[in-house]
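**Student:** Each residue of the sequence shown is one higher than the last, beginning at 34 in this note's numbering.
Every residue gets a Cβ at the ideal spot worked out from N, C-alpha and C, and that includes glycine.
Right, I'll just put the structure down here and ask away after.
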Amino acid sequence: MEKFLIAGLGNPGARYASTRHNAGIDFIEALSKKWNLKFKEVKSVKARVSIYRLDAISVYLLIPDVFMNNSGNALKPALKKYNLNINNVLIIHDDLDLPSGSCKLKKYGGDGGHNGLKSIIENLGGNKDFLRMRIGIGHPGDSKQVNDYVVKKGTKKEIHERKMAISSGIEIIEDVISNNWEKAVNKLHSK
């Protein structure tokens, strides 16, 4: 049985729900609704986990119960517990460098200044061989404003744009899981 893990990054708690920084969690929650899944808290991996069967693939959906900057503290034990290969992991996260409402796939690479990715890479001993889905949240324009900016919901327009980006990502998620990377990229990036 093949396995695939999708983790949505963000911060736990009602205070951070639906904020820009929680775009990854919002994606996982929207996907779990589409697939009609419920989450179970798994303390050993510091996350809420749900499992979906896509053909012959067990798909693990993971929402870390740790703050963004400690995301690796949930991902590393999840990989071990569920015996997952890092190449079969997709991390969904917000991205300041993409315009609000955009959604892009990326194979491997560095952390791009994203503290959640930085934590994951550090916890995996420098291994960067996981897939990413970047959900654009735009940039406030001044780097001094970033910390406040990411933990706010944004305008009604931005919230709508994020939902549309998440919908676009969900449309191609089965291609990503089924290792049809080029097909997924072509569909998503042509929008």
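Beta-carbon separation of Asn-121 and Ser-152 under 8 Å?
**Tutor:** In this structure, Ser-152 does not lie closer than 8 Å to Asn-121 by Cβ.
**Student:** Leaving aside the five residues before and after Gly-187 along the sequence, list all residues of the same chain whose C-beta is less than 6 Å from its C-beta, in chain order.
**Tutor:** Arg-53
**Student:** List the DSSP bridge partners of His-126.
**Tutor:** According to DSSP, which records beta bridges pairwise, His-126 is partnered with Arg-167.
**Student:** Rounded to the nearest angstrom, what separates Leu-123 and Ser-201 at their Cα positions?
**Tutor:** 16 Å
**Student:** What residues are listed by DSSP as bridge partners for Gly-146?
**Tutor:** Gly-146 pairs with nothing; no bridge assigned.
**Student:** Do the CB positions of Leu-138 and Asp-144 come within less than 8 Å of each other?
**Tutor:** No, Cβ-Cβ distance for Leu-138 and Asp-144 is not below 8 Å.
**Student:** Taking the straight line between their C-alpha atoms, what separation do you get for His-147 and Val-99?
**Tutor:** Just so you know, the alpha carbons of His-147 and Val-99 end up roughly 15 Å apart.
**Student:** Is Lys-109 helix, strand or coil by DSSP?
**Tutor:** helix
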